[in-house]
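> This is the structure I want to talk about, given as structure tokens.
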Amino acid sequence: MGATKTDLFTQQQNEMAAMAKALAHPARIAILQYLVKKNACVCGDLVEELGLAQATTSQHLKELKTAGIIQGSIEGASVCYCINPKIWKQYKELFNAFFKDVDLQNTCC
């Protein structure tokens, strides 16, 4: 595989790409929607909700946690996950600005 050339792009472009990558799986979107709806949950609830294996669900949670969009706290033998409000706000602001700056009204392609 070729090496990525992230240094050719701005910090904002690299951040957006990393954010998009974290969101780039339907299971992760479903996890985030569930967490937003419930405001918190444990991994076992997600396994049941998604219908995926525990290991698969844990891998998706790990990706979301690595990206910072969710956070977890240990409660006994379980980990309780919730949305990280600071990072959620960053995602929202960055993507809103990206889409807001695009005007396709007069585009002829």
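Everything in the sequence shown is counted per full-length UniProt numbering, starting at 1 for the first residue and increasing by one. We put the CB at the ideal spot given by N, CA and C, even for glycine. Keep in mind the model is a prediction, meaning the values are calculated, not measured.
Less than 6 Å between C-beta atoms, sequence neighbours within five positions excluded: which residues of the same chain meet that for residue 106?
By 1-based counting over the sequence shown, the position of residue 106 is 106. Contacts found: none.
> Buried or exposed for residue 69, going by 16 or more other Cβ atoms inside 10 Å?
Position 69 of the sequence shown, counted from the start, is the residue given in the question as residue 69. Buried.
> In this structure, how does DSSP classify residue 72 when only helix, strand and coil are distinguished?
Sequence index remark: in the sequence shown, residue 72 carries index 72 (1-based). Note: residue 72 maps to strand in three-state DSSP.
> Is the distance from the Cβ of residue 34 to the Cβ of residue 49 below 7 Å?
As a working mapping, residue 34 is identified with position 34 in the sequence shown. As a working mapping, residue 49 is identified with position 49 in the sequence shown. Yes. Within cutoff.
> Mapping the DSSP letters down to three states, classify residue 42 as helix, strand or coil.
Within the sequence shown, residue 42 is the residue found at index 42, counting from 1. The answer is strand: DSSP assigns residue 42 an E or B state.
> Whose CA, out of 40, 102 and 97, lies closest to the CA of residue 85?
In the sequence shown, residue 85 corresponds to position 85, counting from 1. Among 40, 102 and 97, the Cα nearest to that of residue 85 is on 40.
> Less than 6 Å between C-beta atoms, sequence neighbours within five positions excluded: which residues of the same chain meet that for residue 19?
In the sequence shown, the residue the question calls residue 19 occupies position 19. Answer for residue 19: 91, listed in chain order.
> For residue 36, does the three-state DSSP call read helix, strand or coil?
Sequence index remark: in the sequence shown, residue 36 carries index 36 (1-based). Here residue 36 sits in helix by DSSP.
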